[in-house]
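Visitor: After the structure tokens below, expect a handful of questions from me.
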Amino acid sequence: MIDQVFIEQYAAQAGLTVTDEELQQYIERQFGFTGEKPTPEAPASSDVTTTQSAETVTREQFNTRYNNFLEALKTQADLTESQYREIVRGQLLRNKVQEQIGADVPTSAPQVHARHILVETEEEAQQVRQRLLNGEDFATVAQEVSTDTTTAQNGGDLGWFGLGKMVPEFEKVAFSQPVGTISEPVKTQFGYHIIEVLEKDDNRELTPDQIESARQERFRNWLDEQRASAQIERLWKPEMVPPLPAGLASAQPAPPIPPAPTSSQ
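In structure tokens:
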């Protein structure tokens, strides 16, 4: 609930709103109504997300589905149509705020393409490293001995990744190691890694999923900052300020400390 207060405050300052038309269009899309003629199946690019909208429907079909949904909502959750629409409006406003806060996240970043072999002990890691230096195939050794079950069958390939995606000890070596070289054993909380960097790119384009993930992370960080700030203000109360010493009572008073905002502000 408090998060929605922060979102509404930001939206008011930024001039962001959700119009009745936007709200109605969104609800209609969730039930498969786009205002167009029905087609046998929804197009691949459809943004319909609810299970009720597997295909495009007519206005009449939408009205039936929507009314049935409202009846179920009232019976199962004791929510009125007005309450439901306000919930949806809040979600749409949240989306707009998230989009604006994350609008300027980078679309490219330094990235590394690496593979690794994970074992339990340093001795095992040294043995693995020696096998690789002697010319054994990295992927074959990874499939044989790596305890990372997620990547072992793929030859230890981790794909491309950027800063902050791996634990610090692993990341430090991966980003500093020359391409094509075999690392010394790297100890992390998971065990001991032998790393080979396959490629590096100082300005690699991020995928749409990576960009969206970065935008969501920035929004979450913003919310965390708002919560922390609100917590500090709640802990600071005017009555906690001690009175001035008697000799200073006639001095110019300090500006009054405003009361902390409540969750309804």
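In terms of our numbering, the sequence shown opens at residue 743 and continues consecutively.
All residues carry an ideal CB built from backbone N, CA and C; glycine is no exception.
Which residue comes first and which comes last in the beta strand (DSSP E) that contains Ala-832?
Guide: Contrary to the premise, residue 832 reads as Gly rather than Ala in this sequence. If you look at Gly-832, you'll find it isn't in any beta strand (DSSP E); it sits in the alpha helix (DSSP H) that goes 823-843.
Visitor: Under DSSP, the alpha helix (DSSP H) around Ala-819 begins and ends at which residues?
Guide: 801-819
Visitor: Given a cut-off of 8 Å, decide if Ala-956 and Lys-838 are closer than it, judged by their beta-carbon atoms.
Guide: No, these two residues do not count as a Cβ contact at 8 Å.
Visitor: Give a yes or no on whether the C-beta atoms belonging to Arg-871 and Ile-936 are separated by under 8 Å.
Guide: In contact: Arg-871 and Ile-936 (Cβ atoms closer than 8 Å).
Visitor: Ends of the alpha helix (DSSP H) at Glu-770?
Guide: First-last of the alpha helix (DSSP H) with Glu-770: 762-772.
Visitor: If you reduce the DSSP assignment to three classes, tell me which class Glu-941 lands in.
Guide: In this structure, Glu-941 counts as strand in the three-state DSSP scheme.
Visitor: Between Leu-874 and Val-887, how many whole angstroms is the CB-CB distance? I'm expecting something under 8 Å.
Guide: Incorrect: roughly 11 Å between the Cβ atoms, too far for contact.
Visitor: Taking one C-beta from the stretch 816-824 and one from the stretch 911-924 each time, how about it: are there three or more such pairs within less than 8 Å?
Guide: no
Visitor: Give the secondary structure of Asp-890 by DSSP, where H, G and I count as helix, E and B as strand, and everything else as coil.
Guide: coil
Visitor: Pro-852 and Leu-905: beta carbons closer than 8 Å?
Guide: yes
Visitor: Compare the beta carbon distance of Ser-850 and Asn-945 with 8 Å and say whether it is the shorter of the two.
Guide: yes
Visitor: Measuring straight from C-alpha to C-alpha, what distance separates Glu-947 and Gln-958?
Guide: 18 Å
Visitor: In three-state terms, what does DSSP make of Thr-930?
Guide: Of the three classes helix, strand and coil, the one that applies to Thr-930 here is strand, per DSSP.
Visitor: Considering only residues of the same chain and omitting the five flanking positions on each side of Gly-897, which have a CB-CB separation below 8 Å?
Guide: Arg-857, Phe-880, Ala-881, Thr-882, Ala-884, Gln-885
Visitor: When we look at the beta-carbon of Gln-766 and count the other beta-carbons within 10 Å, is it buried (16 or more) or exposed?
Guide: With fewer than 16 Cβ atoms within 10 Å of its Cβ, Gln-766 is classed as exposed.
Visitor: Can you look up Val-909 in the DSSP assignment and give me helix, strand or coil?
Guide: When secondary structure is reduced to three states using DSSP, Val-909 falls in the coil class, being assigned neither helix nor strand.
Visitor: Along the chain, where does the alpha helix (DSSP H) that runs through Gln-751 open and close?
Guide: 744-756
Visitor: Taking the alpha-carbon of Gln-895 as reference, which of Ile-859, Gln-869, Asn-876, Glu-865 has the nearest alpha-carbon?
Guide: Ile-859
Visitor: On the DSSP bridge assignment, give the partners of Gly-901 in chain order.
Guide: The partner list for Gly-901 (beta bridge, DSSP) reads Ala-856.
Visitor: How would you call Ile-744, buried or exposed, if buried means at least 16 neighbouring beta carbons within 10 angstroms?
Guide: exposed
Visitor: CA-CA distance, Gln-919 and Val-747?
Guide: 47 Å
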